[in-house]
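Below you'll find the structure, written out as structure tokens, and then a few comments.
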Amino acid sequence: MAGKTVRRLLQGNEACAEGALYAGCNFFGGYPITPSTEIAETLSRELPKRGGKWIQMEDEIASIASIVGASIAGAKALTATSGPGLSLKQEVLGYACLTEIPCVLINVMRGGPSTGYPTGPSQADIMQAKWGTHGDHPVITLTPSTVPEIFTETIRAFNLAEKYRTPVFVFYDEILGHMREAVELPEQGVIEVVDRAKPEGKPEDYNPYDTSYEVAPLAPFGKGRRFHITGLNHNDDGFPTNDSTKIDEGNRRIMAKIDNNVSDIESTEEYLMDDAEVIVFAFGSTARSARFAVNRAREKGIKAGLFRPITMWPFPEKALKKAADKAKSIIVPEMNLGQTILEVERVTGHGTIVGLQRVDGEPIHPTEIIELIEKHS
Amino acid sequence: MSTDAKPAKKQKLSVPFDYSKYLRKDKLPHIWCPGCGHGIILKALLRAVDKVGLEKDDICMVSGIGCSSRTPGYVDFNTLHTLHGRAPSFATGIKLTNPELNVIVTTGDGDALAIGGNHFIHTCRRNIDMTILVYSNAIYGMTGGQFSPTTPIGSFTHTSSYGAMEPPFDTCEMAKAAGATFVARATSYHVQDLEKTLKAAIEHKGTSVVEILDECPVYFGRLNKMRSASQMMEKIEKEGTVSVKQAENLSPEEIGGRLLRGILHHDTETAEYCDQYAALTERAQGK
Amino acid sequence: MTEAAKKLPRIEINAKFCKGCSICVDFCPTNVLEIRGTIVAVKDLEACTRCQLCDLRCPDFAIQVFD
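Residue numbers (the numbering used here), protein chains in the order written: chain A, 1 to 377; chain B, 378 to 664; chain C, 665 to 731.
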């Protein structure tokens with residue numbers, strides 16, 4: 001199968017576009033924003049060639065609204081943005097969560113808050129992924145740390161979106177968006193591609209929120225099943241309800257479909273963790289510095305290991321708790337003022353958790369991490 | 378109360394229009410207040426859809442938030458109730474994905490022109506094939522009667538207790554300037570014209586905008602000394618408008634502050650967005 | 665039955681849907697209708713010309729005129 005694998009030198013954002021195409025993305029709605037624009041640019045060239053649809057909308061809100069509309073009409077749809085755009089898109093993300101419309105959002109993180117530092121990296125949107133839109137809502141966020149992984153995680157994002165009927169985010173920082181690495185692009189069929197479940201039975205019996213399923217099949221508009229979708233709390237048939245039992249049921253169900261499938265969604269890398277006494281918890285480009293630091297520490301005889309969440313949300317609670325139980329200390333470097341460290345504290349309850357934070361638009365250097373590993377070994 | 382001067386001449390209407398085939402009957406009666414013109418618009422729309430001969434499976438109705446945006450819930454089409462002001466953007470995604478669908482957006486003056494103003498003008502600019510009905514009652518009804526972008530200066534609402542201060546938009550002029558290729562104004566009083574206008578709007582390929590002046594007796598009427606829906610229809614819709622045809626023989630002074638009613642702009646030359654995209658696709662594929 | 669009686673139309677009113685807004689009453693060209701209590705009622709069927717304006721302007725799917 002791997003015979004036709006193509007090896008290409010790609011920028012992170014280009015690898016993202018390739019991943020989307022591999023996953024069957026056939027609609028992109030976007031708005032130009034640094035440092036994600038290359039995703040839109042690449043797809044503006046590639047999608048029309050393959051019969052896909054591409055549109056530049058009038059603003060960030062419209063771009064995500066367009067992809068949710070496209071998905072309702074049956075497309076596999078993508079948008080890409082950065083922090084300021086992510087803030088604007090929150091309204092529609094909540095809509096997609098409640099109405100259970102699959103779609104994928106890429107956020108190439110830059111310095112914030114506000115316009116911040118558009119050309120510098122950041123990891124400060126991690127909590128916004130989870131808490132950005134109002135109300136309780138499910139969140140899946142994937143955080144690749146290499147260019148090849150951006151390719152595969154973008155495919156996985158589409159698969160999870162289709163499988164669980166929910167928006168899925170891929171978050172990586174500006175460094176990864178713009179760095180180039182060799183990526184193996186396998187031929188179609190090598191990596192699994194998931195399409196949403198198709199409804200069966202008579203059209204008139206179709207309920208878009210049929211609670212006899214964990215995730216009800218979603219029919220496309222215009223193919224013979226006429227139904228209603230609303231951002232109001234709704235019944236199984238999609239129409240608004242004031243029934244407190246149904247409101248409660250619906251709000252819990254959209255969370256439960258993710259919570260009950262954490263093992264399917266979760267993905268972590270544990271590097272040199274078997275005997276690790278000092279754990280570095282890191283993701284994205286920071287995990288690259290952390291890996292380097294762990295290797296150096298090992299050379300010096302320190303039992304250091306890297307715990308890397310590839311799925312950030314839902315948070316890898318069990319795996320991290322298990323790993324942390326044996327550790328002397330946990331180092332949490334991140335390009336923000338302490339976001340994922342809150343989760344590490346909450347989940348592990350460990351006595352020695354040390355943060356390393358940078359918000360100056362510069363990456364965290366391995367030497368900074370090595371210093372902390374040595375200090376807390 | 379004056380009456381319509383011309384009852385329909387033909388008195389042999391065998392059966393009245395059967396709305397039920399297009400309705401989700403179990404959702405009726407609708408939520409709109411007594412005398413609200415939205416129901417009149419809905420009915421005219423269903424008659425227009427029937428005259429055009431569209432299949433229910435082929436119609437997609439999209440709305441935002443507000444009273445007018447409750448329309449899709451009552452009709453047996455593919456229906457989407459979205460977010461405040463965003464309906465045209467959702468609709469754009471749907472239409473571009475499946476150009477075979479006949480997309481109808483139902484929106485209000487606040488939804489389309491305030492919070493959704495940007496989406497509205499850019500949808501017009503693209504000239505993507507959809508019909509946008511702006512139910513224009515000059516007030517936010519769902520939230521209890523606040524002034525909107527079409528509230529006339531001096532009108533009283535719950536947020537303009539001393540008279541509205543801001544000048545209103547001319548919805549049709551804006552749609553035309555933004556690039557919509559079919560622009561019309563109708564009223565819920567002139568029901569037969571309304572039906573014909575909606576039919577023409579649906580049949581037009583490109584972005585069609587129809588502003589429909591209708592009445593909110595519960596908020597706008599009550600706060601502005603118009604005590605009934607009929608009084609509002611009489612004063613705002615009948616006396617406040619003049620048909621394009623009538624206007625041809627009137628001087629600007631004679632027209633005065635009255636709004637023009639009828640098809641105001643109809644451009645059949647400009648290419649439609651999905652057609653243009655199909656051509657772009659062919660270029661990209663080297664055909 | 666007289667010839668005239670045969671030609672009388674039938675006006676169907678849906679009492680569940682009528683909200684008593686009075687639009688049909690106010691704009692009926694021949695003054696056929698009235699508000700009785702809280703909803704519309706037929707006052708003078710013989711005057712009905714079957715013009716259908718009551719139906720066309722009814723916001724509530726509450727009135728229709730049959731031959």
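Heads up, the beta-carbon is just placed ideally off N, CA and C, and yes, glycines get one too.
- Taking A491/B as reference, the option from T456/B, G617/B, P545/B with the minimal CA-CA separation is P545/B.
- In this structure, the straight-line span from the alpha carbon of K76/A to that of N26/A is close to 6 Å.
- Taking the CA atoms as reference points, F315/A sits about 8 Å from E343/A.
- If one requires a minimum length of 4 residues, the alpha helix (DSSP H) runs lying completely within the region 455-532 of chain B are 464-474, 494-503, in chain order.
- Comparing C-alpha distances from D708/C to each of R714/C, L717/C, V696/C, C688/C shows the shortest one belongs to V696/C.
- Taking a cut-off of 8 Å for Cβ pairs, the region 73-91 of chain A and the region 126-142 of chain A touch, as three or more such pairs fall below it.
- Boundaries of the beta strand (DSSP E) around R308/A: 304-309.
- Residues of chain C whose Cβ lies closer than 7 Å to the Cβ of P406/B are, in chain order, K680, F681, D724.
- The C-beta of P102/A has 16 or more other C-beta atoms within 10 Å across all chains shown, which makes the residue buried.
- Between S44/A and T469/B, the C-beta spacing is not below 8 Å.
- Following the DSSP letters along the chain, one finds D570/B inside the alpha helix (DSSP H) bounded by residues 568-580.
- Taking I703/C as reference, the option from R674/C, C712/C, A726/C with the minimal CA-CA separation is A726/C.
- Within the region 667-701 of chain C, the complete beta strand (DSSP E) runs of at least 3 residues fall at 674-677, 697-700.
- Residue pairing by DSSP puts T268/A in a beta bridge opposite P309/A.
- Checking the DSSP bridge columns, you'll see E588/B partnered with V511/B, R562/B.
- Partner residues in the beta bridge of C437/B, as assigned by DSSP, are N455/B, V480/B.
- When the beta-carbon positions are compared, A421/B and L571/B come within less than 8 Å of each other.
- If you look at H643/B, you'll find it isn't in any alpha helix (DSSP H); it sits in the beta strand (DSSP E) that goes 636-643.
- In chain order, P48, K49 make up the part of chain A whose C-beta sits under 7 Å from the C-beta of A661/B.
- At a cut-off of 8 Å between beta-carbon atoms, I516/B makes no contact with chain C.
- Between E184/A and P35/A, the C-beta spacing is not below 8 Å.
- DSSP places P84/A inside the alpha helix (DSSP H), whose first and last residues are 83-99.
- Cβ proximity to chain A below 9 Å picks out L460, H461, G462, R463, A464, P465, S466, F467, A468, T469, G470, I471, K472, L473, T474, N475, E477, L478 from the region 460-482 of chain B.
- A Cβ-Cβ contact shorter than 8 Å links Q716/C with V729/C.
- By a beta-carbon distance limit of 8 Å, P217/A does not contact K246/A. Their separation comes to about 20 Å.
- Y650/B sits in a helix when the DSSP states are folded into three classes.
- A residue is called buried once 16 or more other Cβ atoms fall within 10 Å of its Cβ, and Y172/A is buried on that count.
- For I155/A, same chain residues with a beta-carbon under 6 Å away, outside a window of 5 residues either side, are G19, Y22, A23, I191 in chain order.
- When only Cα atoms are considered, P48/A and T42/A end up about 11 Å apart.
- By the neighbour-count criterion, in which a residue is buried when 16 or more other Cβ atoms sit within 10 angstroms of its Cβ, I579/B is buried.
- Straight through space, the alpha carbons of E362/A and C16/A are spaced by roughly 23 Å.
- Residue state for V194/A is assigned as coil, using DSSP reduced to three classes.
- The three-state secondary structure of D173/A, taken from DSSP, is strand.
- The C-beta distance from F221/A to L460/B rounds to 17 Å, too long to fall under 8 Å, and the pair is not in contact.
- Counting only the Cα atoms, V560/B lies some 14 Å from T647/B.
- Sequence-ordered contacts of the region 90-124 of chain A with chain B read E91, V92, Y95 [C-beta pairs closer than 7 Å].
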